[in-house]
Amino acid sequence: MKFILTLLMAIFLCTSTPTISLCEELGDIRMSLIEGNVKIYDRDQEEWTSVSSNTPIAVGDMISVPQDGRAELHVQGGIFIRLDSSTVLEVVSLTETTAHLYLDHGHIYMNNKKGGREVIQIDTPSATCSAVDNSISLLDVIDNNTTELSLIKGHAFLESSQGKTRVNSGNTLRISSFGAEISPITEPDEWERWNLQRDASIQKTGESTRYLPEELHEYSTEFDSNGKWSFVREYGYVWTPTIISFEWVPFRLGQWIWVRNDYVWVPEER
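At the far end of the sequence shown sits residue 269, using numbering that gives the first Met the number 0, and the numbering has no gaps.
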């Protein structure tokens, strides 16, 4: 019985994203990491609610990260957008080629991997950032009049009423009421180092890439961390979650949440 449950779960996970959802359009963005009491504003419910890892994020949702908190959004296609403490970010729209966000205030890190979205557009109170494919950037909204864009890899554009400027790797562009100023990027601070370490951990090529279809390779780190692969004569290689035991029951650890007129199961198994 244990093996049958394991096999069924493995087949299910190998044909869907780690977030279990009954609503197909909710599979494009999920909350992949949370530190602190991160909240989301659901426009349908018109209220702020606390969220947990694996919560699906829909167009129109706003994410608020408290002081001393952090959060990570995983956008399908291997894109990761991370929010530092005291940050509010809204998902405006999402297509196969673009992601459109609004950064009200705070600090975000964007890793738009090669083959991800053609453009990640982030509006701020004073400017618009366009981070192209295969780029890594930091965007900071210091106040309503000041936006700062730093490029770690690739290039991006920052546009305001003063014009549109291309920012290349190794440079920082600050736009404020005093004008636009470009300068060499500073030495990595704790926020940037944390992001680079997180990228390195996610990008590790583990055992799961040998067995997962290419479109699920971006989830291989999570498969490696939460289970193992075993050869079964009748089926080939099967992934077994480490949480499985004789007492395991599906839909026990987690909660059902109401998102965009659908109930969605958000697991909390680790």
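In this text, a Cβ means the ideal position worked out from N, Cα and C, and glycines have one as well.
DSSP, reduced to helix, strand and coil, places residue 254 within a strand of the structure shown. For the set 58, 63, 43 and 118, the Cα lying nearest the Cα of residue 50 is the one of 63. Assignment of beta strand (DSSP E) within the stretch 53-84, counting only whole runs of 3 or more residues, yields 61-64, 69-74 and 78-82 in chain order.
Each residue's CA atom was taken as its position, placing residue 82 and residue 134 some 17 Å apart. For the 7 Å CB-CB criterion, residue 70 and residue 37 form a contact.
For residue 245, no beta strand (DSSP E) segment is defined, and its DSSP state is neither H nor E. Judged by DSSP secondary structure, residue 173 falls outside any alpha helix (DSSP H) and instead within the beta strand (DSSP E) spanning 170-175. Between residue 53 and residue 153, the alpha-carbon positions lie close to 29 Å from each other. Sequence-distant partners of residue 254 (beyond 5 residues in either direction) whose C-beta falls short of 7 Å from its own C-beta, in its chain, are 265. The C-beta separation of residue 125 from residue 145 comes to about 7 Å, placing the pair in contact by the 8 Å criterion. Under the DSSP definition of a beta bridge, residue 151 lacks any partner. A straight-line Cα-Cα distance of about 30 Å links residue 34 and residue 156.
About 14 Å separates the Cβ atoms of residue 168 and residue 195, ruling out a contact at the 8 Å cut-off. Under a 10 Å Cβ-count criterion, residue 55 is classified as buried, with 16 or more other Cβ atoms of the shown protein chains found around its own Cβ.
When DSSP states are grouped into helix, strand and coil, residue 103 belongs to the strand group.
With respect to residue 205, residue 223 sits close: the two C-beta atoms are nearer than 7 Å. The residue from 108, 61 and 231 with its alpha-carbon nearest to that of residue 46 is 61.
Within the same chain, 137 come within 7 Å of residue 191 by CB-CB distance, once the 5 residues on both sides are set aside. Residue 105 is not a Cβ neighbour of residue 77, given a cutoff of 7 Å. For the 7 Å CB-CB criterion, residue 226 and residue 208 do not form a contact.
Every alpha helix (DSSP H) stretch that sits fully inside the stretch 173-223 and reaches 4 residues is listed by chain position as 189-201. Counting only residues of its own chain and dropping the five nearest sequence neighbours on each side, residue 176 has a CB closer than 6 Å to the CB of 144. The bridge partners DSSP lists for residue 146 are 140 and 174.
By the CB criterion at 7 Å, residue 28 and residue 74 fall inside the cutoff.
In the structure shown, the three-state DSSP call for residue 133 is coil. Residue state for residue 111 is assigned as strand, using DSSP reduced to three classes.
Setting aside the 5 residues that flank it on each side, residue 99 is surrounded in the same chain by 91, 92 and 120, each with a C-beta closer than 6 Å to its C-beta; the list follows chain order.
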